[in-house]
Every structure is written in C-alpha cells, then in structure tokens.
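Number 215 marks the last residue of the sequence shown (my numbering); no jumps. Report on one structure; see the data block that follows.
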Amino acid sequence: MLIFTVMIGLAMLLIGRQLFWLAIAGLGFILSVNYTGQYFQGSPQMILFVSLGIGAIGAVLAYALQRTAASLLGFLAGWFLTTSLINYLDFAVDIATILAAIGGLIGVLLVFALFDWSLIILTTLSGASLITQSIQYNQQVKVGIFLVLLILGITIQGFMLMQEGGEYR
47 MLIFTVMIGL AMLLIGRQLF WLAIAGLGFI LSVNYTGQYF QGSPQMILFV SLGIGAIGAV
107 LAYALQRTAA SLLGFLAGWF LTTSLINYLD FAVDIATILA AIGGLIGVLL VFALFDWSLI
167 ILTTLSGASL ITQSIQYNQQ VKVGIFLVLL ILGITIQGFM LMQEGGEYR
C-alpha cells in the first residue's frame, strides 16, 4: 500500500493538472481505503477491490465529464486536505466530518474561481501530503519535506502551464 500511496502522491505532485482524472482516481482510491477500512469490517482484499473500483469509476467520470470531474477533484482534495489537517492537529472527532465537508466545498469553490491554478494547488497539496504521510520522520522534518515538495510541485506544474500558454484564470 505504501508504494501505491507514494506513486499516487508523486503523480499528483508533478502532473496532477494535466492528468486530473488520475488525481481523482488516486484520491478516490486513498479515501476509499481509509473509510472502507474504518466503517466496514471486511477482508483486506475486499477493501482493496472496493477501493480500486471507486478509483476506476472516478477516473472514467473524470475523463467523460471534465468540468464536473474537476469540481469532484476540488471536493475530494479539500476533504482529504482538511482530514489530514484535522489528524495532524488532533481535533475532536465529533466535528471532523463537518469540517471535512466544509473543506471539500472550499475546494469546489477554488476550482470554479481559478480552474488551472486551483488544479495545480490542490493536486500539489494532496500529492505532497500523501508523500509526507508515507514517510517516518518527526513532525518538523515532515513539515519541511512537505513545504519543499509543495514548492517543487507548484513550480513544475506552473512552468508546464506557462509552456502550454495557459491562462491565469
């Protein structure tokens, strides 16, 4: 599972905007693994099968319905990032779902307001978060790695957007 998480994180970090259907599939898979294991008692194989199915459905919908899928990416990334922040700050579980849903809605609003740059920022944040959650260091080192990955991902994806003649929307 660790290798999948890091690979998904790297893909999102470096090419998340260009292949946002892959980012949706990856986030759908990761969130599904986390929530399926948390709420349903099943074998690891069943959890993996369900999570792969959810990721695949997300990828197909993303490819077919790009604007709607971008909104879905905004919601999933906002939810994931808010959940990661809640876990990092050790908030009370009672309000975690409400805060995660608010984070998801903020992600959707970002996508509508600034399409290309929101995809870059959300996929880079999500990719950097997935990678840093996968490594075993103390929190200060993880925060430093996260910031370096964030700057690297935004720089690479922003440069690729400018090379394509992308708009500043």
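Think of the CB as a built atom: it goes at the ideal place given N, C-alpha and C, for glycine as much as any other residue.
Taking 7 Å as the cut-off, the Cβ atoms of V52 and S117 do not count as close. By the Cβ neighbour-count rule, T114 is exposed, with fewer than 16 other Cβ atoms within 10 Å of its own.
Residue range 142 to 159 is occupied by the alpha helix (DSSP H) that includes A147.
Boundaries of the alpha helix (DSSP H) harbouring I197: 185 to 209, taken from the DSSP string. One Cα belongs to Q112, the other to Q185, and the distance between them is close to 36 Å. A Cβ-Cβ contact shorter than 7 Å links W125 with G149. Assigned with DSSP and collapsed to three states, Q91 falls in helix. For G120, same chain residues with a beta-carbon under 7 Å away, outside a window of 5 residues either side, are G153, V154, L156, V157, S164, L168 in chain order.
Within the same chain, L145, A146, G149 come within 6 Å of T128 by CB-CB distance, once the 5 residues on both sides are set aside. Take G83, set aside five residues on each side of it, and the residues of its chain with a beta-carbon closer than 7 Å to its own are I93, in chain order.
Measuring C-alpha to C-alpha distances from G204 to each of V194, A57, I61, F50 identifies I61 as the nearest. The distance from the Cβ of A123 to that of S172 is about 5 Å, consistent with a contact at the 8 Å cut-off. Of the residues assessed, T178 falls on the buried side of the cut-off, its CB having 16 or more other CB atoms within 10 angstroms. In terms of Cβ geometry, A69 and A105 do not form a close pair [threshold 7 Å]. A direct Cα-to-Cα measurement between S97 and G211 gives close to 36 Å.
When DSSP states are grouped into helix, strand and coil, R113 belongs to the helix group.
Assigned with DSSP and collapsed to three states, I181 falls in coil, not helix or strand. Distance from the CA of Q182 to the CA of L107, rounded to the nearest whole angstrom, comes to 34 Å.
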